[in-house]
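There are 2 protein chains.
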Amino acid sequence: MESTSPTLRVTADRLRAFMAQAFEKAGMPAEDATIASDLIAQADLRGTDTHGVFRLPAYVRRIRAGGINVTPDIRIIEERDATALVDGDNAMGHLVMHFAARTAIAKAKQTGVGWVGARMSNHAGPAALYAMMPLAHDMIGLYFAVGSNNHLPPTGGAEALLGTNPIAVAIPAGSEPAVVMDMAPTVAAFGKVRLKAATGEPMPVGWMIGRDGKPLTDASRASEGFLLPIGDYKGYALSLVIGLLAGVLNGAAFGRDLVDFLKYPEAATNTGQSILAVSVEAFCPVDVFKANVDDAVRMIRSAKRLPAVERIWLPGEQSHERKRDRVANGVPIPPALRKSLDELARELGIDPLA
Amino acid sequence: MESTSPTLRVTADRLRAFMAQAFEKAGMPAEDATIASDLIAQADLRGTDTHGVFRLPAYVRRIRAGGINVTPDIRIIEERDATALVDGDNAMGHLVMHFAARTAIAKAKQTGVGWVGARMSNHAGPAALYAMMPLAHDMIGLYFAVGSNNHLPPTGGAEALLGTNPIAVAIPAGSEPAVVMDMAPTVAAFGKVRLKAATGEPMPVGWMIGRDGKPLTDASRASEGFLLPIGDYKGYALSLVIGLLAGVLNGAAFGRDLVDFLKYPEAATNTGQSILAVSVEAFCPVDVFKANVDDAVRMIRSAKRLPAVERIWLPGEQSHERKRDRVANGVPIPPALRKSLDELARELGIDPLA
């Protein structure tokens, strides 16, 4: 998938070991450091580069500033047969959601479905990671989260009260890759806006508006404007509803209470996330379901195509192919990222990545 | 909300009685006719006119053509503590989902959450109706359905394999109206396209494309083109995922297997729908949650506004206000609808609506 370039490539194992060592040096117990590093490396393998090792320096900075608790007591504080509310005790979000996903899977084994919400969590990387955890148990996963920053106003509003709250759904297939949707309810992710700002390119009309309601295309002025939701009022409604389900229902932050985790590395964010695991077997024999999903996938892939379209992709298929490449050939570490990780290694007194 | 016009207005009670009588004349038992009529009248009261009494002649036509079973055995065919799969036995979709929603609510009372899927169902009217059923039990409702027609291709495709599969979420509030999102993953509903075709107005760019991939704005040529998804590939992914959750998981129709219920009034559609009920109490004291939703609603409503914007609406708030008006002043029946209902009444030998 990647073009040949002088960019360093490291194996997932080396990446994991480097991250685990960094987390341990920052004070995290070894077992937790392993879990967090595994999940972050999954993001890198799937090509979600903005949510992978790229974030390590910021995570470590938060830990060292006291903004993340490295000796948390992650626990269930409210429970029914098919539901749980988890208090993350301000741990790394990855650890909280790892715990929450396992809890949801265990409940779905017993009752057919498990819905587990979390409060006092933190940024946990790509939504797809957690929606995909039930797949190995022949379960469907759904994940909702309150985004870490508010960039979205309600329709008609000129005040960013809502986040790019993601929703992810992962559905197991047979010989085809799982169908994995992971989307924010905005046309563009804020990371893409930052990228445009870095390269000086204009943004397409439709990504952002200014405080005057007119299209904003100068990415260097992004802080003066707002992201636009998908489908106009539909994306606004989706963001609000996800915020209520993953935030308010769990007693987590929402709206003006949100803490910008980049601006305030020392403050607890009280991030809210929710995960559902749904046992396929509770509805349909697993082999029948997987064969039917395979059929559905192939039907979509072989649909008649518009002129000049070479291939129709399924949700999650490009990430799946990227992972295949990166497992075989390593995770690319562009020069700027390598520099930032080398600095972090020096700061922590650990071996550099390569 | 409605302007003063010579349009007939009828009370919800009269509307319900008229519909129930029509269904009974078509062979439906009285109890079922009452349930279906109540739900359809709810759609009319909330202003979802395309899914209200407007559909009655088509429903009756399907019943008389043998396309709907009026003496069904709606039953659970697979069950866990928190899940059920319902076989609708080709009943009216309203009856199947009424049964499914009650089952989900009963399960959520026991286990915190209930997820109930249905197969062998039919068109059930607006998604919001079912997502809202748990509200009276201090529960959150979520609803997914496979749309009755395929109008959406996958991104890059020139073949409508996917439906305007709706998702609805209803969240209880305290003194504010419940937050109710009800959306299809396409920019425009096909009903809006039909309306443009009827008036001869052009459609805005962005609603549809033709088989050449170029914008289609002539609504009279709609059958040659495709609806566009919200957020490009995001709306495609959303439609696919809903189709797998509400269709394939339940053993219901999906993709090329879908039966166009308007074209083939005699054929079973095997429509799939899924409903979740989530007990608020399993996560948060109900009064605390409702007060927090009220706060969230007021925060959004009082956000700073863009120039010339008079009011910021919450999802479901306009339907709520329309219902208030129609409960007080009656449901408007425009002349063309009145004519079609008068014809139906003559055909069935029942009293006209007014």
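Chains as they are written, first to last, in the numbering used here: chain A, 1 to 354; chain B, 1001 to 1354.
Glycine is no exception: its CB is placed at the ideal position from the N, C-alpha and C atoms.
**Request:** Along the alpha helix (DSSP H) that carries residue 984 of chain B, what are the first and last residues, could you check?
**Result:** Because chain B here runs from 1001 to 1354, residue 984 of chain B falls outside it and cannot be looked at.
**Prompt:** residue 1166 of chain B versus chain A: which residues are under 8 Å apart at the beta carbon?
**Reply:** Position 166 of the second sequence, counted from the first residue, corresponds to residue 1166 of chain B. None at all; the shortest Cβ gap to chain A is about 11 Å.
**Item:** residue 1160 of chain B burial status per 10 Å Cβ neighbour count (16 or more: buried)
**Value:** On the second sequence, position 160 is the one that residue 1160 of chain B refers to. The residue in question, residue 1160 of chain B, is buried, as its Cβ has 16 or more Cβ neighbours within 10 Å.
**Message:** Measuring straight from C-alpha to C-alpha, what distance separates residue 1349 of chain B and residue 242 of chain A?
**Reply:** To locate residue 1349 of chain B, count along the second sequence from 1; it is residue 349. To locate residue 242 of chain A, count along the first sequence from 1; it is residue 242. So the alpha carbons of these two residues sit roughly 49 Å apart.
**Message:** Could you check whether the stretch 331-344 of chain A touches the stretch 1287-1299 of chain B, counting it as contact only if at least three pairs of C-beta atoms, one from each stretch, sit closer than 8 Å?
**Reply:** no
**Given 8 Å, three or more beta-carbon pairs between the stretch 1070-1083 of chain B and the stretch 111-119 of chain A** = yes
**Prompt:** Are there 16 or more other CB atoms within 10 angstroms of the CB of residue 1001 of chain B, so buried, or fewer, so exposed?
**Reply:** The residue you call residue 1001 of chain B lines up with position 1 of the second sequence. Here residue 1001 of chain B scores only 47 on pLDDT, less than 50, and its place in the model should not be relied on; the value that follows carries that caveat. Answer is exposed; the Cβ neighbour count stays below 16.
**Asked** For residue 264 of chain A, which three-state DSSP category applies?
**Response** The count along the first sequence starts at 1 and reaches residue 264 of chain A at position 264. Coil at residue 264 of chain A, not helix or strand.
**Request:** Identify the contact partners of residue 292 of chain A in chain B, using a Cβ-Cβ distance below 7 Å as the criterion.
**Result:** Looking up residue 292 of chain A in the first sequence gives position 292. The contacting residues are 1248.
**Request:** Taking only beta carbons into account, state which residues of the stretch 1217-1235 of chain B come closer than 9 Å to chain A, listed in chain order.
**Result:** 1229, 1230, 1231, 1232, 1233, 1234, 1235
**Item:** Contacting positions in the stretch 1175-1206 of chain B - beta carbon closer than 7 Å to chain A
**Value:** 1179, 1181, 1183, 1187
**Prompt:** Apart from the five residues just before and just after residue 1205 of chain B, which ones in its own chain have a Cβ nearer than 8 Å to its Cβ?
**Reply:** The count along the second sequence starts at 1 and reaches residue 1205 of chain B at position 205. Once the five neighbours on either side are set aside, the close Cβ partners of residue 1205 of chain B are 1215, 1217.
**Item:** Residues near residue 1166 of chain B in its chain [Cβ-Cβ closer than 6 Å; skip 5 each side]
**Value:** The residue you call residue 1166 of chain B lines up with position 166 of the second sequence. Excluding sequence neighbours, residue 1166 of chain B sits near 1127, 1145, 1184.
**Asked** Quick one: complete alpha helix (DSSP H) runs, 4+ long, within the stretch 1240-1308 of chain B?
**Response** 1286-1301
**Message:** Below 8 Å, how does it come out for the stretch 269-278 of chain A and the stretch 1188-1204 of chain B: are there three or more Cβ pairs, yes or no?
**Reply:** no
**Prompt:** Cβ of residue 261 of chain A within 8 Å of Cβ of residue 340 of chain A?
**Reply:** Numbered from its first residue, the first sequence carries residue 261 of chain A at position 261. Numbered from its first residue, the first sequence carries residue 340 of chain A at position 340. Against a cut-off of 8 Å, the Cβ pair of residue 340 of chain A and residue 261 of chain A comes out as no contact.
**Request:** Taking C-beta pairs closer than 7 Å, name the residues in chain B that residue 299 of chain A reaches, listed in chain order.
**Result:** Along the first sequence, read from residue 1 onward, the residue named residue 299 of chain A stands at position 299. Within 7 Å Cβ-Cβ: 1161, 1255, 1256.
**Request:** Please list the residues of the stretch 1107-1118 of chain B that have a C-beta atom closer than 9 Å to any C-beta atom in chain A, keeping them in chain order.
**Result:** 1107, 1108, 1110, 1111, 1112, 1113, 1114, 1115, 1117
**Request:** State the beta-bridge partners of residue 1229 of chain B as determined by DSSP.
**Result:** Locating residue 1229 of chain B in the second sequence gives position 229, where the first residue counts as 1. Residue 1229 of chain B pairs with B:1186.
**Item:** Closest Cα partner of residue 1141 of chain B within the set B:1097, B:1311, B:1045, B:1319
**Value:** What you label residue 1141 of chain B is simply residue 141 of the second sequence in a count that begins at 1. Per the Cα distances, B:1097.
**Item:** Whole-angstrom C-beta distance between residue 1225 of chain B and residue 1209 of chain B, which should lie under 8 Å
**Value:** Here residue 1209 of chain B refers to the residue found at position 209 when the second sequence is read from its first residue. Here residue 1225 of chain B refers to the residue found at position 225 when the second sequence is read from its first residue. Yes, they are in contact, since the Cβ atoms of residue 1209 of chain B and residue 1225 of chain B sit about 6 Å apart, within 8 Å.
**Prompt:** Among B:1033, B:1246, B:1054, B:1105, which one has its Cα closest to the Cα of residue 1094 of chain B?
**Reply:** Counted from its first residue, the second sequence places residue 1094 of chain B at position 94. If we check each option's Cα against that of residue 1094 of chain B, B:1033 comes out closest.
**Prompt:** For the stretch 312-344 of chain A, which residues have a beta carbon sitting closer than 7 Å to at least one beta carbon of chain B?
**Reply:** 312, 315
**Prompt:** Three-state secondary structure (DSSP) at residue 1016 of chain B?
**Reply:** As a position in the second sequence, residue 1016 of chain B is number 16, starting the count at 1. The answer is helix: DSSP assigns residue 1016 of chain B an H, G or I state.
**Prompt:** Between which two residues does the beta strand (DSSP E) harbouring residue 1164 of chain B extend?
**Reply:** Within the second sequence, residue 1164 of chain B is the residue found at index 164, counting from 1. First-last for residue 1164 of chain B: undefined, no H or E at that position.
**Asked** Less than 8 Å separating the beta-carbons of residue 86 of chain A and residue 116 of chain A?
**Response** As a position in the first sequence, residue 86 of chain A is number 86, starting the count at 1. As a position in the first sequence, residue 116 of chain A is number 116, starting the count at 1. In contact: residue 86 of chain A and residue 116 of chain A (Cβ atoms closer than 8 Å).
**Prompt:** Name the chain A residues that come within less than 8 Å of residue 1083 of chain B, Cβ to Cβ?
**Reply:** As a first step, residue 1083 of chain B must be located in the second sequence, where it is residue number 83. The answer, in chain order, is 111, 112, 113, 278, 279, 282, 283.
**Request:** Check each candidate in A:196, A:232, A:178 and name the one with the smallest Cα separation from residue 405 of chain A.
**Result:** Examination of residue 405 of chain A is not possible in this model, given that chain A is present from 1 through 354 alone.
**Asked** If we count the other Cβ atoms within 10 Å of its Cβ and call it buried at 16 or more, is residue 1328 of chain B buried or exposed?
**Response** Start at 1 with the first residue of the second sequence, and residue 1328 of chain B comes out as number 328. The residue is exposed, with fewer than 16 neighbouring Cβ atoms inside 10 Å.
**Asked** Can you tell me whether DSSP reads residue 176 of chain A as helix, strand or coil?
**Response** Reading the first sequence from its first residue, position 176 is the one you call residue 176 of chain A. Residue state, collapsed to three classes: coil.
**residue 307 of chain A: contacting residues in chain B (beta-carbon distance under 7 Å)** = Here residue 307 of chain A refers to the residue found at position 307 when the first sequence is read from its first residue. In chain order: 1212, 1213.
**Contiguous beta strand (DSSP E) assignments of at least 3 residues, all confined to the stretch 187-211 of chain A** = 208-210
**Prompt:** If we call anything under 8 Å between Cβ atoms a contact, is residue 1028 of chain B one with residue 1268 of chain B?
**Reply:** Translated into the one-based positions of the second sequence, residue 1028 of chain B becomes position 28. Translated into the one-based positions of the second sequence, residue 1268 of chain B becomes position 268. No, Cβ-Cβ distance for residue 1028 of chain B and residue 1268 of chain B is not below 8 Å.
**Message:** Counting only C-beta atoms, is residue 1080 of chain B closer than 8 Å to chain A at any point?
**Reply:** Position 80 of the second sequence holds residue 1080 of chain B. Yes, because at least one Cβ of chain A sits closer than 8 Å to the Cβ of residue 1080 of chain B.
**Asked** What are the boundary residues of the alpha helix (DSSP H) that includes residue 93 of chain A?
**Response** Position 93 of the first sequence, counted from the first residue, corresponds to residue 93 of chain A. 93-111 is the extent of the alpha helix (DSSP H) around residue 93 of chain A.
**Residue closest to residue 1191 of chain B, alpha-carbon to alpha-carbon, out of B:1239, B:1051, B:1139** = Taking the second sequence and counting its residues from 1, the one referred to as residue 1191 of chain B is at position 191. Here the closest residue by C-alpha is B:1051.
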